[in-house]
Structure formats: structure tokens, C-alpha cells
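Residue numbers (our numbering): 11 to 272.
Heads up, the beta-carbon is just placed ideally off N, CA and C, and yes, glycines get one too.
None of these values were measured; they are calculated from a predicted model.
Down below is the structure, laid out as C-alpha cells.
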């Protein structure tokens, strides 16, 4: 399909345009599909951010991204751009959360085959698109970003397994702080991100996507995986707090929710 639509010349190209009928059809179709997937959680999938919840969360976000990329022309309204950035950050949050929760449940040692399998699952669709459309891997920046943080957390929880979980997450915290230095990417100021990614510059830049764009995107959401890891470390405490809220009377519960919103 990608070859026929993008590389064959059989179909003409056009600029993205918002069309009410198409937009409403997408929303209704997606809503019907979403309602068709609703159901009770399996017995082994319960609690805060269980697999059923995160799968549902990912599905809704993927639908929103499809809507954004196909139906929202540039320049986008600010709130649409912010929503897209929040979705990317949420995916990275889930990655940090999921990798850390897995490490807390079961420790493991470094295995090149396991890491290669994980990266292949993350990248196979993007690699097919690259071959079909003639674009570079880093032009689809979300996949390289997920791949990078997957490698970071996999190495952290396998090579660094001798460290306690909180120390490992602390190491990521220091790394994120260093990565966030000089977010304006001023060439006259120290940039840890530029130095760290410089050996990978041929892989992270192309004719369409300059190296500076990768630096911007890698710095923009660098604290999202860290936050996911912190939530995983404190999963039991957060679950206990939420359970306590559910036992409160309606007025006290409403007051807590209001306080959180404020």
C-alpha cells in the first residue's frame, strides 16, 4: 500500500486539508470500534496501570495521532500541537513504566538476542515504510526515540542489575538532567546531548531531518520515561493511596479530586 500510494506515481499528491465529513466519519468509526473492544479486565490484569489499561491508552493515542497526521493541516492550532506532544510523552512514559515494572517483577541479565528482538518489533514497520517510500529511518523520529529509550532502560535493568532499582532510576535521572542541558542548542554553550549523540549523527540525520531536529526532539521529552520509572518504583504506594480515596465519602473524595486538579 505504501509503494502504491507514495512511490508508484499512480496517485496524485495533495496538501492535507481538514474536511468535516471525513473528520466526523473518522471519529464515529473510531468510536464504534472503541466501544466494540470494551469489556471487563481479565482476572490477572487488575490494579493501577495494568496491561489492559495501558493497551487501551495506547490504542486511543494511536487513533489521535492518525487523525492528527492525516486530517490536521500545517500550521496546526497550538492546542493540537500540544496534544500531539503529550501523546508522544505519554508513550515514552509507558516505556519507562513498563520496563521498570518488568525489572521489579523479574530480574534478568543482558541478552543480545532479546534486545535485538525487542528492537525489531519496534522498528519493523518503520523499516518497511523506509524501503517503500525511500525515506530515512530517522525521518520517522518517533521510532528512533522509542528505540533509544528502550536501549537505555534495557541496559539499565540488565547490565546494571547489581544496583538496587532506586539507584538505577537515579542514574537515569542524572542522565536526563545532562541531556536537557542547553535546550536552545546554542553552539557556544556546552551541550551534553550534542556530544553524546555525535557518534550516531549519520544514523540520526538525513537530507530531510537535520541532526539539530533530533537533538530538539530527544531533549523535549527526556523526562517522560524517567517519570514512568518513578511511578513504577512507587506503584504500591500510589495504588494504596488511590484505594484509600475510593473508601472516602463522596464529599472528601470530591475535595481530593479538586485539590489534584488545582
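Cβ shell of residue i (< 8 angstroms), same chain only, five flanking positions each side left out
i, result
"residue 102", "155, 156, 159, 231, 234, 235 and 238"
"residue 100", "67, 71 and 234"
Contacting residues, own chain, Cβ-Cβ under 6 angstroms from residue i (five flanking each side not counted)
i, result
"residue 94", "78"
"residue 259", "none"
"residue 40", "73"
"residue 107", "238, 241 and 242"
"residue 132", "156 and 157"
Length of the line joining the Cα atoms of residue i and residue j
i, j, result
"residue 73", "residue 228", "23 angstroms"
"residue 263", "residue 250", "15 angstroms"
"residue 44", "residue 197", "47 angstroms"
"residue 119", "residue 109", "14 angstroms"
"residue 267", "residue 217", "49 angstroms"
"residue 33", "residue 84", "16 angstroms"
"residue 80", "residue 36", "10 angstroms"
"residue 115", "residue 186", "24 angstroms"
"residue 122", "residue 194", "36 angstroms"
Test item: CB-CB of residue i and residue j under 7 angstroms
i, j, result
"residue 148", "residue 214", "yes"
"residue 221", "residue 211", "yes"
"residue 111", "residue 242", "yes"
"residue 178", "residue 166", "yes"
"residue 117", "residue 42", "no"
"residue 136", "residue 150", "yes"
"residue 1", "residue 104", "Since the first and last residues shown for the chain are 11 and 272, residue 1 lies out of range."
Beta-carbon proximity list for residue i, same chain, < 7 angstroms, skipping 5 on both sides
i, result
"residue 152", "98"
"residue 208", "none"
"residue 223", "none"
Nearest-angstrom beta carbon gap, residue j and residue i [assumed within contact, 8 angstroms]
i, j, result
"residue 191", "residue 58", "In fact, because the Cβ distance is near 33 angstroms, the residues do not count as touching under 8 angstroms."
"residue 113", "residue 175", "7 angstroms"
"residue 162", "residue 182", "7 angstroms"
"residue 128", "residue 164", "7 angstroms"
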